[in-house]
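*Asks:*
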Amino acid sequence: MQAQFSQMNEDYINKHYPERSVFSAVNKANKKLGIGVYVFFAILLAASGYGTVWGILTTMEDMKNGDSDMLSVGIVIIGFCFVVFALSLFVIILTIKRNSLGAEGLIKKSAKNSQCSESEIREFELQAMASDSYILSLTGKIKAVLNGQKDGVLTRDYIYLADAKNIVMKRGNIIGAFLVERSFYINVNNTRKLINYLTVTLVSDKSIQTLAETSFEAGEALLEMLREQNPQIDVNNGSVMTEKEYSKYCKAKFFTH
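Using our numbering, count along the sequence shown one by one with no gaps and you end on 481.
Laid out in structure tokens, this is it:
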């Protein structure tokens, strides 16, 4: 089943980890994504700021002229524009804060989210560049690009699924590894459409969870690789569970105390 994934190699490292650091690559990707975020929300910020000022001035003019019928409309416009302004400003500040972390800051944050020490996260970085590590391409390339999903890394002692929290999990701490079908709705022509997608979801003995979208074949292969090192990992016979079933299963098996 290991044939499902490629082993780490210099060509891949040179392309994706030129500084030989997973978190330097994450930091670079965050900054690249941040440019688009800045442009989009700066436009919203300017437009909503203008709308707020215009709404205030117009409402004041209506009050001066005694046009009470338009006051409620003006207040709604001011409120809407102000909310958009505040949200846009919040996203910009949040993005600036995230992009200012740098690789070192991301390592510290990953250690906190993973409940690991910083030295363990650095050890993962070293192991990730070794030739016995595996590149976890869990979905097809096109789907990964469309979803913005990065490859994970499986090392001798750690696994990293490249989730939003940059969680690094020690393989020896994994107590559960499951295939979970999740879902969300999108609006298509004013109709709600249900979208289902499969994830591989890992649970540690510290109640930490991490997940990534996967194909069934890749998810099955990963579960088998994890159990090769630790046969005690609960995989629920490799069967696919719904979110509700997964939540109920984990609550009964792992989170009873």
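By construction, the Cβ of each residue, glycine as well, lies at the ideal position given by its N, Cα and C atoms. Bear in mind that the values here come from a model prediction, so they are computed numbers and not experimental data.
In three-state terms, what does DSSP make of Arg322?
*Replies:* Three-state DSSP puts Arg322 in a helix.
*Asks:* Which one of Lys430, Gly443 and Leu350 has the shortest CA to CA distance from Leu385?
*Replies:* If we check each option's Cα against that of Leu385, Gly443 comes out closest.
*Asks:* Gly279 and Gly258: beta carbons closer than 7 Å?
*Replies:* Contact: no.
*Asks:* Just the Cα atoms here: how many angstroms apart are Tyr262 and Val308?
*Replies:* Whole-angstrom Cα-Cα distance: 15 Å.
*Asks:* To the nearest angstrom, how far is it from the Cα of Ala445 to the Cα of Ile359?
*Replies:* Roughly 13 Å between the two C-alpha positions.
*Asks:* Leaving aside the five residues before and after Gln231 along the sequence, list all residues of the same chain whose C-beta is less than 8 Å from its C-beta, in chain order.
*Replies:* Closer than 8 Å at Cβ, skipping near neighbours: Ser355, Asp356, Ser357, Tyr358 and Ile359.
*Asks:* If you measure from the CB of Arg451, is any heavy atom of the ligand SAH nearer than 6 Å?
*Replies:* Although the ligand SAH was asked about, the structure shown includes no ligands whatsoever.
*Asks:* Can you tell me the Cα-Cα spacing of Val377 and Gly364, whole angstroms?
*Replies:* Each residue's Cα considered, the two are about 16 Å apart.
*Asks:* Bridge partners of Thr490, per DSSP?
*Replies:* A query on residue 490 cannot be resolved here, the shown segment of the chain reaching from 225 to 481 and no further.
*Asks:* How many angstroms separate the CA atom of Thr466 from the CA atom of Ser428?
*Replies:* C-alpha separation (whole angstroms): 20 Å.
*Asks:* Are Ile419 and Ile410 touching if we call contact CB-CB under 7 Å?
*Replies:* Closer than 7 Å, so yes.
*Asks:* Grab me the residues of Met225's own chain with a C-beta within less than 8 Å of its C-beta, minus the 5 sequence neighbours each way, in chain order.
*Replies:* At Met225 the pLDDT is 47, less than 50, meaning the model places this residue with poor confidence and gives no usable figure here.
*Asks:* In the DSSP assignment, what residue or residues form a beta bridge with Ala338?
*Replies:* For the record, residue 338 in the displayed sequence is Ser; it is not Ala. None; Ser338 has no bridge partner.
*Asks:* With 16 other CB atoms within 10 Å as the buried threshold, where does Asn251 fall?
*Replies:* Classification for Asn251: buried.
*Asks:* Roughly how far, in whole angstroms, is the beta-carbon of Thr276 from the beta-carbon of Phe306, given that I think they are within contact range, below 8 Å?
*Replies:* That belief holds up - the Cβ atoms of Thr276 and Phe306 are roughly 5 Å apart, short of 8 Å.
*Asks:* Using the C-alpha atoms, what's the distance from Leu269 back to Phe402?
*Replies:* Spanning the two alpha carbons is a distance of roughly 42 Å.
*Asks:* Could you check which residue in Leu311, His240 and Pro242 has the C-alpha nearest to that of Phe264?
*Replies:* Nearest option by C-alpha distance: Leu311.
*Asks:* Express the C-alpha separation of Ile316 and Ser361 in angstroms, rounding to a whole number.
*Replies:* Roughly 31 Å separates the two Cα atoms.
*Asks:* So within the stretch 359-414, which uninterrupted beta strand (DSSP E) runs reach at least 3 residues, ignoring any that extend past its ends?
*Replies:* For the stretch 359-414, whole beta strand (DSSP E) runs of length 3 or above, ordered along the chain, are 376-378, 382-384, 392-394 and 398-412.
*Asks:* Give the straight-line distance between the Cα atoms of Tyr274 and Val424, rounded to the nearest whole angstrom.
*Replies:* Between Tyr274 and Val424, the C-alpha separation is close to 46 Å.
*Asks:* If you compare alpha carbons, which of Arg322, Gln228, Val300 and Ile345 is closest to Ser197?
*Replies:* Because the chain here runs from 225 to 481, residue 197 falls outside it and cannot be looked at.
*Asks:* Quick check on DSSP: helix, strand or coil for Met225?
*Replies:* Model confidence at Met225 stands at a pLDDT of 47, short of 50, so the residue's coordinates are unreliable and nothing is read from them.
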